[in-house]
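2 protein chains.
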Amino acid sequence: MIPTIRDVAREANVSIATVSRVLNGLTGYSDKTKQKVIKTIEDMGYHPNAIARYLNNRRTQTIGVMIPAVTNEFASAVLQGVEEYALERGYSVFVCNTAVDGNQTMKYLQVLREKKIDGIVFVCEVLDNEHKNLLEAMKVPIVLVSSVTDDPHIPYVRVDDKQAAYDAVRYLIEKGHKDIGMISGSQEDPIAGTLRQQGYRDALYDKGIAFRRSRVVYGDFHYDSGMTAMETLLKQDKGITAVFAASDEMAVGAMNYAMQQGIRIPEEISFIGYDNIRLSRMIYPALTTVGQPLLQLGQEAVSKLITMIETGRTVSSQVVPHEIVERQTVRDICIHNI
Amino acid sequence: MIPTIRDVAREANVSIATVSRVLNGLTGYSDKTKQKVIKTIEDMGYHPNAIARYLNNRRTQTIGVMIPAVTNEFASAVLQGVEEYALERGYSVFVCNTAVDGNQTMKYLQVLREKKIDGIVFVCEVLDNEHKNLLEAMKVPIVLVSSVTDDPHIPYVRVDDKQAAYDAVRYLIEKGHKDIGMISGSQEDPIAGTLRQQGYRDALYDKGIAFRRSRVVYGDFHYDSGMTAMETLLKQDKGITAVFAASDEMAVGAMNYAMQQGIRIPEEISFIGYDNIRLSRMIYPALTTVGQPLLQLGQEAVSKLITMIETGRTVSSQVVPHEIVERQTVRDICIHNI
DNA sequence: ATACTTTGAGAAACCGGTTACTTAAACTTG
DNA sequence: CAAGTTTAAGTAACCGGTTTCTCAAAGTAT
Numbered sequence: 051m052i053p054t055i056r057d058v059a060r061e062a063n064v065s066i067a068t069v070s071r072v073l074n075g076l077t078g079y080s081d082k083t084k085q086k087v088i089k090t091i092e093d094m095g096y097h098p099n100a101i102a103r104y105l106n107n108r109r110t111q112t113i114g115v116m117i118p119a120v121t122n123e124f125a126s127a128v129l130q131g132v133e134e135y136a137l138e139r140g141y142s143v144f145v146c147n148t149a150v151d152g153n154q155t156m157k158y159l160q161v162l163r164e165k166k167i168d169g170i171v172f173v174c175e176v177l178d179n180e181h182k183n184l185l186e187a188m189k190v191p192i193v194l195v196s197s198v199t200d201d202p203h204i205p206y207v208r209v210d211d212k213q214a215a216y217d218a219v220r221y222l223i224e225k226g227h228k229d230i231g232m233i234s235g236s237q238e239d240p241i242a243g244t245l246r247q248q249g250y251r252d253a254l255y256d257k258g259i260a261f262r263r264s265r266v267v268y269g270d271f272h273y274d275s276g277m278t279a280m281e282t283l284l285k286q287d288k289g290i291t292a293v294f295a296a297s298d299e300m301a302v303g304a305m306n307y308a309m310q311q312g313i314r315i316p317e318e319i320s321f322i323g324y325d326n327i328r329l330s331r332m333i334y335p336a337l338t339t340v341g342q343p344l345l346q347l348g349q350e351a352v353s354k355l356i357t358m359i360e361t362g363r364t365v366s367s368q369v370v371p372h373e374i375v376e377r378q379t380v381r382d383i384c385i386h387n388i
Numbered sequence: 051m052i053p054t055i056r057d058v059a060r061e062a063n064v065s066i067a068t069v070s071r072v073l074n075g076l077t078g079y080s081d082k083t084k085q086k087v088i089k090t091i092e093d094m095g096y097h098p099n100a101i102a103r104y105l106n107n108r109r110t111q112t113i114g115v116m117i118p119a120v121t122n123e124f125a126s127a128v129l130q131g132v133e134e135y136a137l138e139r140g141y142s143v144f145v146c147n148t149a150v151d152g153n154q155t156m157k158y159l160q161v162l163r164e165k166k167i168d169g170i171v172f173v174c175e176v177l178d179n180e181h182k183n184l185l186e187a188m189k190v191p192i193v194l195v196s197s198v199t200d201d202p203h204i205p206y207v208r209v210d211d212k213q214a215a216y217d218a219v220r221y222l223i224e225k226g227h228k229d230i231g232m233i234s235g236s237q238e239d240p241i242a243g244t245l246r247q248q249g250y251r252d253a254l255y256d257k258g259i260a261f262r263r264s265r266v267v268y269g270d271f272h273y274d275s276g277m278t279a280m281e282t283l284l285k286q287d288k289g290i291t292a293v294f295a296a297s298d299e300m301a302v303g304a305m306n307y308a309m310q311q312g313i314r315i316p317e318e319i320s321f322i323g324y325d326n327i328r329l330s331r332m333i334y335p336a337l338t339t340v341g342q343p344l345l346q347l348g349q350e351a352v353s354k355l356i357t358m359i360e361t362g363r364t365v366s367s368q369v370v371p372h373e374i375v376e377r378q379t380v381r382d383i384c385i386h387n388i
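The listed protein sequences derive, respectively, from chains X and S.
Using our numbering, read the first sequence as starting at 51 and increasing by one per residue.
Using our numbering, read the second sequence as starting at 51 and increasing by one per residue.
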């Protein structure tokens, strides 16, 4: 059998309280006793049972991460950041793929409730009222990554999406582009959808370029939707010289469709994506994109979550910086005009 | 406070044993009592504490998945399979990124031991003796995915790597290629390295093509190593018409390098990869590759693991089928010769 | 009506730790 | 040296369930 603290106590001729104290570095024993206990522990190969410990602590040192899918490169990069930092702080993480079939979020929340996780990170999840009520009842701290909710007490970590989209489009304009299409995320998504499109519109407006409805098409952030969006875009508007996509995957899908049509990139059409996932530099030509600090998003989120868990205080939200990552898919029309 | 089984018992005027029995669908109570208990549970919003339950059951309904990194697309696809199926069977999964910095496997195994997980899935992990000893002491069932060990009692789930590599190279040969380079994984990797290279050699041999050392270069399965490997390959041997890479990422890196050199794919050089990760169809031209059933690998692994957990029996290993996924990176030289 | 079986339900031990409380011994201090 | 303080270490309650054992009441057979 696996030895318990009682076995150690018996073997070392001390009480279980003493073993516990040695184990936790408390006071109340002589050095001689300490050595004896430590030796016994090693001899017996004793390891404390974290679960039994929870019964007193009320801490499982475990957090749940709700993400659409680990195969989503954006999500998995954030998860990587979460996991690395959580381990460093002594926490383990449960992965919860919510978009498997239908919305499994509720089912998962029930599981996490029963498993008594200490906190939850929501990545790219829109919190509806049903979730909110359950979370309320669970009394568990939450942090959002790249998501929003109307509750101001729930902290989030994200990029300034509107500004980032604005910067992307301004970048295209500064490179001499005036006829810029956009492949937007779904309009239901309040941040990656609406905000990024708003940034696109604002940039056009500020530079005195008229917004045209026919130049915006919608996808679901994934590759295939990028392809079909590009097809639609090319049908609706022949005059486009550049495309801003609300995700790298859609940008790559769009590029792929364009290349299949024999369109040269960036000579004929320029592309700029959003996310800076690994994929964006693996393709040819490498995608210019709006970079989000993916690992950092995850890390900051857990950091905040752990603060909430361990202090019980609320924590402020945080906007992390984005950047334009210049690669090879945007042509500088100005230079060519000289 | 969160209600406990005692609160429910007091409120319903029954003993805690009775509440427990109702909860677990055991016998020993009248229908009237049952209704009363159920109503009290609902009124109070009681939810059982899975952790307290563990103390008796000795089951946490939790498994650990050790993977190099969730940002590794092969690994994340397997993880997705694991997670989906685990949830279905009522298990939660701890993600353990082992390749963060240095080898964190040992550290993680200690955590999993203390958290009393019911079993472990190792993805792409070479089990050294240190791990083996610890696992032995933990007395926890293990299943390997795409990995091997000399212990015949540890079941694995994987593709027949040698045969799959053989098939890939044969496919190239059947398309008329004779001058085939290989970008191999590291030789330390017993399966993805050694076996796949063996398949390459065997296929050449069977078709009467001489093996040339200068046509094999080594990478680490990742993108960048694919690029540098291609550079080396092109320096060492000008006459190559096709390249077999031991991973899709390396194939894509190699293609990227080739395209940067102005080499046309597949007209001048053909490529075949290995894994069939999402990336392989997102690039242009889309990569022909050896497909592994990634989700299935994960699913089969948990399925076996749960059998071991719940029955205590050992389980047999399994080889899952691979397939050649034809896309656009292999030129049929025969046709062009007509 | 009596003896025996079945059923409903409670009491209490147990799982493996932590911790508040207690006590005995050792050490200070005036 | 007596009284007070500190220190080492033990005892037992507790966390939230499950499960074994026990027993009273109800049901059944003779």
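Backbone N, C-alpha and C define an ideal beta-carbon position, used for all residues, glycine too.
Fair warning: this is a prediction, and the values are worked out from it, not measured in the lab.
Near-chain S residues of the segment 135-159 of chain X (beta-carbon distance less than 7 Å), N- to C-terminal order | Legend: CB atoms of the segment 135-159 of chain X lying less than 7 Å from CB atoms of chain S belong to residues S142, V143, F144, V145, N147 and V150.
Go through its chain and collect everything with a Cβ distance to X:Q342's Cβ below 7 Å, but skip five positions before and after it.
-> Within the first sequence, numbered from 1, the residue matching residue 342 of chain X stands at position 292. Hits under 7 Å: V209, D325, N326 and H372.
DSSP three-state call for S:I192: helix, strand or coil?
-> Residue 192 of chain S sits at position 142 when you count from the first residue of the second sequence. If DSSP states are grouped into helix, strand and coil, S:I192 belongs with the strands.
Determine the direct distance from the alpha carbon of X:M116 to that of X:I192, and round the result to whole angstroms.
-> For the purposes of this step, residue 192 of chain X is identified with residue 142 of the first sequence, where counting begins at 1. For the purposes of this step, residue 116 of chain X is identified with residue 66 of the first sequence, where counting begins at 1. Cα to Cα, X:I192 sits roughly 11 Å from X:M116.
Where the segment 94-113 of chain X meets chain S: residues whose CB sits under 9 Å from a CB there = Those residues of the segment 94-113 of chain X that come within reach of chain S (Cβ to Cβ, closer than 9 Å) are G95, H97, P98, N99, A100, I101, A102, R103, Y104, L105, T110, Q111 and T112.
Cβ distance (whole Å) where S:V143 is taken to contact S:G348 below 8 Å = Residue mapping note: residue 143 of chain S aligns to position 93 of the second sequence, counting from 1. Residue mapping note: residue 348 of chain S aligns to position 298 of the second sequence, counting from 1. Going by Cβ atoms, the distance from S:V143 to S:G348 rounds to 10 Å, so no, they are not a contact pair.
Reduced DSSP secondary structure (H/G/I, E/B, other) of X:F124 | As a working note, residue 124 of chain X is residue 74 in the first sequence. The answer is helix: DSSP assigns X:F124 an H, G or I state.
Contact check, X:V389 vs X:N147 under 8 Å by CB: the rounded distance?
-> A query on residue 389 of chain X cannot be resolved here, the shown segment of chain X reaching from 51 to 388 and no further.
Could you name the residues of the same chain whose beta carbon sits closer than 6 Å to that of S:L254, not counting the 5 residues immediately before and after it, in chain order?
-> In the second sequence, the residue the question calls residue 254 of chain S occupies position 204. F261, listed in sequence order.
What separation, rounded to the nearest whole angstrom, lies between the Cα atoms of X:A296 and X:G323?
-> Indexing the first sequence from 1 puts residue 296 of chain X at position 246. Indexing the first sequence from 1 puts residue 323 of chain X at position 273. Approximately 6 Å, taken between the alpha carbons.
S:G78 by DSSP, collapsed to three states: which one?
-> Within the second sequence, numbered from 1, the residue matching residue 78 of chain S stands at position 28. Coil, per DSSP.
Would you list the residues sitting across from X:T148 in a DSSP beta bridge?
-> Indexing the first sequence from 1 puts residue 148 of chain X at position 98. Bridge partners of X:T148: none, in fact.
Could you give the residue range of the beta strand (DSSP E) that holds X:Y206?
-> To locate residue 206 of chain X, count along the first sequence from 1; it is residue 156. X:Y206 -> beta strand (DSSP E) spans Y206 to V209.
Residues of its chain near X:G169, where Cβ-Cβ distance is below 8 Å and the 5 sequence neighbours each way are ignored | For the purposes of this step, residue 169 of chain X is taken as residue 119 along the first sequence, with counting starting at 1. Closer than 8 Å at the Cβ level, and outside the excluded window around X:G169, lie I113, G114, V190, P191, I192, V193, L355, I356, M358 and I359.
Residues that DSSP places opposite X:V369 in a beta bridge = As a working note, residue 369 of chain X is residue 319 in the first sequence. Per DSSP, X:R208.
Looking only at its own chain, which residues have a Cβ that is under 7 Å from the Cβ of X:L222, when we skip the five neighbours before and after it?
-> Against the first sequence, residue 222 of chain X aligns to sequence position 172. Contacts found: I230, A292, F294, S320, I322 and V380.
Can you tell me which of X:Y135, X:T338 and X:I333 puts its alpha carbon nearest to the alpha carbon of X:A218?
-> By 1-based counting over the first sequence, the position of residue 218 of chain X is 168. Comparing Cα positions, the closest option is X:T338.
Give me the Cα-Cα distance between S:V370 and S:V207, rounded to the nearest whole angstrom.
-> As a first step, residue 370 of chain S is located in the second sequence; it is residue number 320 there, counting from the start. As a first step, residue 207 of chain S is located in the second sequence; it is residue number 157 there, counting from the start. Spanning the two alpha carbons is a distance of roughly 7 Å.
Could you tell me whether any Cβ in chain S is nearer than 7 Å to the Cβ of X:Y45?
-> Beyond the ends of chain X as shown, which are 51 and 388, falls residue 45 of chain X; an answer cannot be given.
Would you please state the rounded distance, in angstroms, between the beta carbons of X:G269 and X:M300? I believe it to be under 8 Å.
-> In the first sequence, counting from the first residue as 1, residue 269 of chain X sits at position 219. In the first sequence, counting from the first residue as 1, residue 300 of chain X sits at position 250. Right, their Cβ atoms sit about 5 Å apart.
So, helix, strand or coil for X:Y96, using DSSP?
-> One-based indexing of the first sequence puts residue 96 of chain X at position 46. Here X:Y96 sits in coil by DSSP.
Listed by chain order, chain S residues near X:M309 by CB distance under 8 Å = Taking the first residue of the first sequence as position 1, residue 309 of chain X is located at position 259. Ordered by position in chain S, the residues that pass the 8 Å Cβ test against X:M309 are Y334.
Does DSSP put S:M51 in a helix, in a strand, or in coil?
-> For this step, residue 51 of chain S is matched to residue 1 along the second sequence. The answer is coil: DSSP assigns S:M51 none of H, G, I, E or B.
X:I388 at chain S interface by Cβ criterion, 7 Å = The sequence position of residue 388 of chain X within the first sequence is 338, counting from 1. Reliability fails at X:I388, whose pLDDT of 48 lies under 50, so the model's placement of it is uncertain and the value that follows must be treated cautiously. Output row for X:I388: interface = no.
Assigned exposure category for X:H181 - 16 Cβ within 10 Å defines buried | By one-based count along the first sequence, residue 181 of chain X stands at place 131. Per the 10 Å Cβ criterion, buried.
Beta-carbon proximity of S:R314 to S:D287, cut-off 7 Å | To locate residue 314 of chain S, count along the second sequence from 1; it is residue 264. To locate residue 287 of chain S, count along the second sequence from 1; it is residue 237. Contact: no.
Do we get a CB-CB distance below 7 Å when we pair X:Q378 with the residues of chain S?
-> Working through the first sequence from its first residue, we reach residue 378 of chain X at position 328. So, not an interface residue.
Since I believe S:V365 is in contact with S:V132 (beta carbons under 8 Å), could you give me their beta-carbon distance rounded to a whole number of angstroms?
-> The sequence position of residue 132 of chain S within the second sequence is 82, counting from 1. The sequence position of residue 365 of chain S within the second sequence is 315, counting from 1. The Cβ separation is near 16 Å, so there is no contact.
Scan the segment 331-367 of chain X and note each continuous beta strand (DSSP E) run of 3 residues or more that stays entirely inside, going in chain order.
-> 338-341
Collapsed DSSP secondary structure at S:T68 in the structure displayed = The residue you call residue 68 of chain S lines up with position 18 of the second sequence. The answer is helix: DSSP assigns S:T68 an H, G or I state.
In whole angstroms, what separates the C-alpha of S:E281 from that of S:S234?
-> The residue labelled residue 281 of chain S in the question sits at position 231 within the second sequence. The residue labelled residue 234 of chain S in the question sits at position 184 within the second sequence. Answer to the nearest angstrom: the Cα atoms are 14 Å apart.
Against chain X: residues of the segment 117-130 of chain S by CB proximity under 7 Å | A119, V120, T121, S126, A127, L129 and Q130
Cβ of S:E32 less than 7 Å from any chain X Cβ?
-> With chain S covering 51 to 388 only, the question about residue 32 of chain S has no answer from this structure.
The segment 294-326 of chain X: which residues have C-beta closer than 8 Å to a C-beta of chain S, in chain order?
-> E299, V302, G303, M305, N306, M309 and Q310
Rank X:Q310, X:P316 and X:I383 by C-alpha distance to the C-alpha of S:Q378 and give the top, closest one.
-> Counted from its first residue, the second sequence places residue 378 of chain S at position 328. Comparing Cα-Cα distances from S:Q378 to each of X:Q310, X:P316 and X:I383, the minimum goes to X:Q310.
C-alpha gap between S:R103 and X:V195, whole angstroms = Residue mapping note: residue 103 of chain S aligns to position 53 of the second sequence, counting from 1. Residue mapping note: residue 195 of chain X aligns to position 145 of the first sequence, counting from 1. Cα to Cα, S:R103 sits roughly 33 Å from X:V195.
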